Amino acid sequence: MAGAEWPVHGRRQVYGSSWVELWLDEVDIPGTGRIEHHVVRMPRASTTAVVTDDDGRFLLIHRHRFITGRWGWEVPAGWADPGEEPAEAIAREVEEETGWRPGRVEPLTEYDAMSGISDAHFRAYHVTGCTRIGEPQDISEAARVEWLPEAEVIELLVTGGIPDGPSHAALSYYLGPHRLAGAGR
């Protein structure tokens, strides 16, 4: 049996800020009927970066996330400002969060993080040729910034040391499909 689209008959905003919006959309679910469905909308483009060097290391930040109460390693990430291209945004974020200025910023992959409830769309980039310019500008972003060898990154992915979804997705994509497609050579 083929699936069907869910027609939207109306929407109403419950909450809104420059960070996140919560909406109730009135939709018809085929075979179920009309319901109000919660939708989390993200008003700005989200970006992440897998940053590598010529030695095969990965630039990661270690930080605490108060929402989950967990420490973990993450790739640099952030939002595009209004009118800012996502590739420009991630170059800015890498520099602010790590103290390393990107040389090349190339598209890696993009995906919808939680398509059943949110329009959060992430664009991941591969950043290379970084130059150290100093300490990170935003000290609230990380307790540590380090270049980690690939074997350690893989171990962190396997053991839960990289609990952040966008970081996990970007690194896993880079280490898997990106390389298998020959783009990582």
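Per the UniProt record's numbering, residue 1 is the first one in the sequence shown, and the count goes up by one each step.
Note that CB positions come from ideal geometry on N, CA and C, so glycine has one too.
If you're wondering where the values come from, they're calculated on a predicted model, not measured in any experiment.
Given R101 as reference, the closest of T128, E85, S172 and S17 once Cα atoms are compared: The residue labelled residue 101 in the question sits at position 101 within the sequence shown. Nearest option by C-alpha distance: T128.
Counted within 10 angstroms of its Cβ, other Cβ atoms place Y15 as buried (16 or more) or exposed: On the sequence shown, residue 15 is found 15 positions in, with the first residue counted as 1. The residue in question, Y15, is exposed, as its Cβ has fewer than 16 Cβ neighbours within 10 Å.
R12 classed as buried or exposed, judged by whether at least 16 other C-beta atoms fall within 10 angstroms: Here residue 12 corresponds to residue number 12 of the sequence shown, with the count starting at 1. Counting Cβ neighbours within 10 Å, R12 comes out exposed, since fewer than 16 surround it.
Nearest candidate by alpha-carbon position, reference E36, set T159, S18 and I117: Position 36 of the sequence shown holds residue 36. Minimum Cα distance to E36 is reached at I117.
Closest Cα partner of D164 within the set E152, H64, P82 and V145: Position 164 of the sequence shown, counting from 1, holds the residue named residue 164. It is H64 whose Cα lies nearest to the Cα of D164.
Per-residue burial, P86 [other beta carbons within 10 Å of its own, 16 or more giving buried]: Taking the sequence shown and counting its residues from 1, one reaches residue 86 at position 86. Around the beta carbon of P86, a 10 Å sphere encloses 16 or more other beta carbons of the protein chains shown; the residue is thus reported as buried.
Status (buried if at least 16 other CB within 10 Å, exposed otherwise) for G56: Against the sequence shown, residue 56 aligns to sequence position 56. G56 is exposed by the Cβ-count criterion.
Within the UniProt domain "Nudix hydrolase" (42 to 170), ranges of the alpha helix (DSSP H) (whole runs, at least 4 residues): Complete alpha helix (DSSP H) runs here, min 4: 86 to 98 and 150 to 159.
Assigned exposure category for I162 - 16 Cβ within 10 Å defines buried: Residue numbering aside, residue 162 sits at position 162 when the sequence shown is read from its first letter. The residue is buried, with at least 16 neighbouring Cβ atoms inside 10 Å.
Distance CB(F58)-CB(V145) smaller than 8 angstroms: Here residue 58 is taken as the residue at index 58 of the sequence shown, counted from 1. Here residue 145 is taken as the residue at index 145 of the sequence shown, counted from 1. Not in contact: F58 and V145 (Cβ atoms no closer than 8 angstroms).
Sheet register partners of W19 (DSSP bridge): Mapped onto the sequence shown, residue 19 falls at position 19. Partner(s): none; W19 has no beta bridge.
Paired residues, beta bridge with G33 - DSSP: Walking along the sequence shown from the start, residue 33 turns up at place 33. G33 pairs with I29.
Cβ neighbour criterion (16 or more within 10 Å) applied to A124: The residue labelled residue 124 in the question sits at position 124 within the sequence shown. Buried is the call here.
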